[in-house]
Each structure stands twice: as structure tokens, then as C-alpha cells.
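Have a look at the structure below before the remarks.
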Amino acid sequence: MTSIQPIKTFEGSRKAHGQQARVEDTRGAAEDFRKAMLAGPKARYFRSFDLVKVPYPSRYGLRNAFSHERLVEYIHLQNRVFVVQFDTDSGVKTLLVSPSDHERGGETPFFRRLQDKMPQFITNRVVHRQTTVPEVVAALGLKPEDIDYITYDHLHTQDVRRWLGTHEMPATFPNAKLLVHWQEWESTLDLNPYQADWYCPNGIAGIADDKIIRFEGSVMLGDGVALVHTPGHTEGNHSIVVHTDEGLWVTSENGVSVDAYAPHLSTASGVADYAKYLGTEVIINGNTLENSVDQYISMVQEKTIAGPSQRDPRFPNVFPSSEMTRFWAFPGTKPAFYVGEAHHGSLFSP
Ligand SMILES: [Zn+2]
């Protein structure tokens, strides 16, 4: 039995002919959705855990907005997992959002080439492994079989085989099912070469069909947790929205920083000036540029759902799962606003 319910609010919001008309129609729908979600119940538990810091090209993360005056080719991304628990008609469910298997994700062709050309002593300085997903679960006192769902906003760099298991490999989380937008699943099975460079080879190969829940459009998973289709970065991209006592957290990798959603305030080199002369309200994270017009709409949608941060209301309450963080080796990349961490509610032991 599943209690996953469709969300109708965004249906048709991207149908206008004008590109900015689509932005405004989606913004309006996002305001309605925000009100509805805030009027509803909260999730039981939400907590972030830092997994690994990795370098990522500034030309993708901040596109043309980042100034190259100082020849800084990379930004430093703090990648993290979120543990979320929520009530449903069939009891409390535990969800891992963005549980990257970073020991395997390095096989993604783009990162494989980067590692191969980078001397080991440099790799050791720019890749910081902090913890792993099984360690996070164990440290919370949860058992592997307590994990009901895993989800990623999209499947770039992900290898889910260890978590879900294959015929050759037992599952780390034997009861977990992957929640994935059907378009993300279908495209990962049959990739264009430009997109394939960012997907872990065989990252979803050999996984039993009953481990996958493909959803369409946007869905409510239970009390206070929604998956909202936010296409653009990839066709099947979605954002994870969680209602907490700090408002609605919105998580994805559409932007590499909260600065990307309020670029006029950014302290990253060149970003605020770029936003002003372009008149843009977001900076898209575009490594593959599947559809930048849709990604722009999706980022406006995300920041509208998120609303103002309680930590600094000038910024939206988005929580990037890979967040640009300051690093001495990459000058000019310190963001104006860094979320870092959040911890709400108390853990339920199934
Ligand atoms: Zn991506």
C-alpha cells in the first residue's frame, strides 16, 4: 500500500508561449503550493549530514557569472545527505535524500578524467571524505532495514547499486525503494553522449524492478514531504520539499549555492554584477544544459516555494544538496549565505 498522492498545482504552469509568462505562471502556482503546504502538517524529523567535499568547475556551477580574473577554475562543493521521517497512512516512513555513494561516484566519466589528470597529492587536498551513508544511518541508531525510501533530485554521478542491491550484490538497505521521476529513470537508461558524461556507468544496472517507484509530475509522500518536478538541469529532475519548524526546506542541485537564488546579493566573484547586467534572478548550475529555459523556471519555482530564510530573510530557504563552500585554494568563491546544517524534530525508532 502506498500513500503517495499526486500534486495538481503545477499542471499547465509551463504551457504559455512566452518564456517569462511561464516563469510568472509557475511563480503563481508555487505561491499557492507554498500556502497549502504551510497549512498542512510538518514532517517528523529532518537532519543534514555532510558526506564529502569535492571540486566542481566554476564554469558549470556558476556559468558565465563567475569572474575568471584570478583564474579560479573550481568551486568547492559540500555534498550532504538528509535523513527525513514523516507520517503516512501506513505508518512512519524514513527517507534518505541524496545518499551519494561517493566511494563509487568518482567513476562518473567527467570525474574519472579529472582524477586521472590530477596528481594524487592535489586530489588528497581537494577531496575531503567526511563520512558515508551507512555510517550516518548507524550513528543515528537506525538499522539498515529501517530505510524505506531513497531519492535524488536527479541521478548525475549516482551509483545506487550498493544501497538497493543487484543479483550479485546484497542490498545495504534491504527494504529501501528508489523514488525517481519516470523521465529521469528512462533517460538514465538511454543517454545522449553529453549527458552520459555525468552519469555513473552502470549506476542503476541490474536493480530489481520492485525496488523502483517511478512517479509522474509532482507527488506528496506523506505529511510535510513533497517531491516537485523541477525539470531543466535534467528532464526528470525533482526538488524535495520538507515542512519543518524552520519553514519549507527545498533541496536540489539546480543551484550550487543559496547565492544562485539571490545572485544580486552574492559575494562570489563577479556574480552580483553579472546578475545586474543580465537582469537575472537565478544562476543555473549547468553542466549538461539539458534545458536551461526550464531550469530557470524551476529555480524561480523552488525559491518561491521555499520563501524567506528565517536565518536571513533576504535569502530563500533553499538547501542545496551540494553547496558551494569557502575554501582557501579557490579564492573568490565564498558565498554570501551558507546553510551548512539543519536539525529539526526528534528521531522515531521504527
Ligand atoms: Zn547534475
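If you read the sequence shown in the working numbering, its first letter stands for residue -7, the second for the next number, and so on.
Note that the Cβ used here is the ideal one computed from N, Cα and C, for glycine as well.
Note that the structure is predicted; figures quoted are calculated from it, not measured.
V125, enclosing alpha helix (DSSP H) - first and last residue: 125 to 131
Can you check which of these residues, V125, M316, H120, S290, is closest to R19 by C-alpha distance? S290
Nearest-angstrom Cα separation, counted from S210 out to V220: 4 Å
So is the beta-carbon of N283 under 8 Å away from any non-hydrogen atom of ligand 1? no
Could you pull out every residue in the same chain whose Cβ sits closer than 7 Å to the Cβ of A163, ignoring the five residues on either side in sequence? W155, L156, G157
For the alpha helix (DSSP H) that contains G216, what are its first and last residues? Run containing G216: none; DSSP gives neither H nor E here.
S341, buried or exposed, once every other Cβ within 10 Å from all chains shown has been counted against 16: exposed
Just grab the DSSP bridge partners of E3 for me. For E3, which the question treats as bridged, DSSP gives no partner whatsoever.
Quick one: what does DSSP say L30 is sitting in, helix, strand or coil? helix
Cβ-Cβ distance between I275 and S258 below 9 Å: yes
Own chain partners of P308 with C-beta closer than 6 Å, once the 5 adjacent residues on each side are dropped: Y253, K295, A298
Along the chain, which unbroken stretches of the beta strand (DSSP E) at least 3 residues long are found entirely within the region 112 to 198? 141 to 143, 169 to 173
Below 7 Å CB to CB, which residues in the same chain sit around P47 once its five sequence neighbours on both sides are set aside? Y66, H68, V118
When the Cα atoms are used, what is the spatial distance from N4 to S(-5)? Going by the sequence as given, residue 4 is Gly instead of Asn. One C-alpha to the other measures close to 24 Å.
N56 classed as buried or exposed, judged by whether at least 16 other C-beta atoms fall within 10 angstroms: exposed
Is it true that the region 144 to 152 meets the region 181 to 201, where meeting means three or more beta-carbon pairs spaced less than 8 Å apart? yes
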